[in-house]
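Enquirer: Quick one: structure below, then a few questions.
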Amino acid sequence: MLNFAYPRSRFEPTVLVDLNARAERERLSTSALKGFFKLAATWKVRDEDARQLLGGLSNSAWYDWKKKPERTLEVDCITRISYLLGIYKALHILYGDQLADEWINLPNSNQIFEGRTPLAYMLGGGLLAMQTVRQLLDARRGGL
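Numbered according to this note's numbering, the sequence shown spans residues 241 to 384.
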């Protein structure tokens, strides 16, 4: 009788970051904000829309954050930025740089967007819409 065994995997699960731990948020916040500001500039997102993507930040807080990004963000804000950076990365894997950077502002015929731009969809749907766009793009690139 033969014994069959699965080959040993080299897969190692990633250690999850506990965003409820203040130390982790402190470690990630400044670089997350700097990345978000670069992403917003690359996508040509208006300040008003960028503030909304972060969860409805006030005008004065927005300019304060831009001037001094060294701060500790709340879980919601870091999660939003994480989804947006994941969307950015997936777009650059799927498309050339020019289309990847324009995609967010182009009308989209996918039934999820109903002819709206992905940006308009995310502005209207908030965090859950960002998660949906991220999942859509990850699925397209074979990441799910």
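We treat Cβ as the ideally placed atom computed from N, Cα and C, and that holds for glycine.
In this text the structure is predicted, and so the values were computed from the model without any measurement.
(1) How many Å lie between D341 and W283 at the Cα?
(2) What first and last residue would you give for the alpha helix (DSSP H) that runs through Y323?
(3) Round the Cβ separation of Q292 and L376 to the nearest angstrom and send it over; I've been treating them as touching at under 8 Å.
(4) With respect to the alpha helix (DSSP H) encompassing Y361, which residues constitute its N-terminal and C-terminal limits?
(5) Are there three or more Cβ pairs, one per stretch, closer than 8 Å when the region 312-322 is compared with the region 260-279?
(6) Which whole-angstrom value is the C-beta distance of P347 and G355, which I expect to be below 8 Å?
(7) Indicate the three-state DSSP secondary structure (helix, strand or coil) for G296 in the structure shown.
(8) Could you say if the region 252-261 and the region 302-312 meet the contact criterion of at least three C-beta pairs nearer than 8 Å?
(9) Give the C-beta separation of R374 and I327 to the nearest angstrom, bearing in mind that I take them to be a contact with Cβ-Cβ under 8 Å.
(10) Quick one: what's got a C-beta closer than 8 Å to T319's C-beta in the same chain, skipping five residues either side?
(11) Which value, in whole angstroms, describes the spacing of the CA atoms of L359 and A290?
(12) Is E252 helix, strand or coil by DSSP?
(13) On the three-state DSSP scale, how would you describe G275?
(14) What residues in its chain sit with their C-beta under 6 Å from that of N195, if we drop five residues either side in the sequence?
Expert: Reading from the atomic positions:
(1) Within the sequence shown, the letter at position 101 stands for residue 341. Within the sequence shown, the letter at position 43 stands for residue 283. Rounded to the nearest angstrom, the two C-alpha atoms are 6 Å apart.
(2) Position 83 of the sequence shown, counted from the start, is the residue given in the question as residue 323. If you look at Y323, you'll find it in the alpha helix (DSSP H) that goes 315-334.
(3) Start at 1 with the first residue of the sequence shown, and residue 292 comes out as number 52. Start at 1 with the first residue of the sequence shown, and residue 376 comes out as number 136. Rounded, the Cβ-Cβ distance is 20 Å, inconsistent with contact.
(4) As a first step, residue 361 is located in the sequence shown; it is residue number 121 there, counting from the start. The continuous alpha helix (DSSP H) containing Y361 extends over residues 358-380.
(5) Contact holds: three or more Cβ-Cβ distances are below 8 Å.
(6) Translated into positions along the sequence shown, residue 347 becomes position 107. Translated into positions along the sequence shown, residue 355 becomes position 115. So it is a contact: roughly 6 Å between Cβ atoms.
(7) Position 56 of the sequence shown, counting from 1, holds the residue named residue 296. Coil.
(8) Touching, no.
(9) Against the sequence shown, residue 374 aligns to sequence position 134. Against the sequence shown, residue 327 aligns to sequence position 87. Confirmed, Cβ separation roughly 5 Å.
(10) On the sequence shown, position 79 is the one that residue 319 refers to. Excluding sequence positions up to five before and after T319, its CB lies within less than 8 Å of the CB of L259, L367, all in the same chain and listed in chain order.
(11) For the purposes of this step, residue 359 is taken as residue 119 along the sequence shown, with counting starting at 1. For the purposes of this step, residue 290 is taken as residue 50 along the sequence shown, with counting starting at 1. Spanning the two alpha carbons is a distance of roughly 10 Å.
(12) Counted from its first residue, the sequence shown places residue 252 at position 12. The DSSP-derived three-state label of E252 is coil.
(13) As a working mapping, residue 275 is identified with position 35 in the sequence shown. Three-state DSSP puts G275 in a helix.
(14) Past the boundaries of the shown model lies residue 195; the chain is included only from 241 to 384, so the question cannot be answered.
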